[in-house]
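Worksheet: the structure to be examined is printed underneath.
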Amino acid sequence: MTTMQRRWRKSSHSGNQTSCVELAHTMTAVRDSKNPAGPVLTFEQPELTRFLTAVKAGRLDG
1 MTTMQRRWRK SSHSGNQTSC VELAHTMTAV RDSKNPAGPV LTFEQPELTR FLTAVKAGRL
61 DG
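Per the UniProt record's numbering, the very first residue in the sequence shown carries number 1; after that it's consecutive.
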């Protein structure tokens with residue numbers, strides 16, 4: 001399945017904004033909504049949980 005064939009979803013908090021990430025639950029994949037043809041991060045469920053926890057805690061802020 002290509003990245004364009006996956007069913008992508010973004011948070012309802014994003015509204016019509018394009019500055020957000022989107023999730024594809026079929027492969028637990030994450031992409032940037034501004035660049036849907038760009039790179040995709042894929043995670044197994046435990047990895048995704050750790051990644052989201054780190055994001056929420058601000059540990060990945062640059």
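C-beta atoms are modelled at their ideal positions from N, C-alpha and C, and glycine is treated no differently.
Handout entry: Supposed close pair C20, S14 - CB separation, criterion 8 Å
Key = The sequence position of residue 20 within the sequence shown is 20, counting from 1. The sequence position of residue 14 within the sequence shown is 14, counting from 1. Yes, C20 and S14 are in contact; Cβ-Cβ is about 4 Å, under 8 Å.
Problem - CB contact flag (A54, L60, <8 Å) - result: As a working mapping, residue 54 is identified with position 54 in the sequence shown. As a working mapping, residue 60 is identified with position 60 in the sequence shown. It is a contact, given that the beta carbons lie within the stated cut-off.
Exercise for the section: Could you tell me whether the Cβ atoms of K56 and S33 are closer together than 8 Å? Expected result: The residue you call residue 56 lines up with position 56 of the sequence shown. The residue you call residue 33 lines up with position 33 of the sequence shown. No, the pair does not count as a contact, with Cβ atoms beyond the cut-off.
Problem - Backbone CA spacing between T18 and V30 [nearest angstrom] - result: Walking along the sequence shown from the start, residue 18 turns up at place 18. Walking along the sequence shown from the start, residue 30 turns up at place 30. Here the alpha carbon of T18 sits roughly 14 Å from the alpha carbon of V30.
Problem - Three-way DSSP call (helix, strand, coil) for V55 in this model - result: Position 55 of the sequence shown, counted from the first residue, corresponds to residue 55. Residue state for V55 is assigned as helix, using DSSP reduced to three classes.
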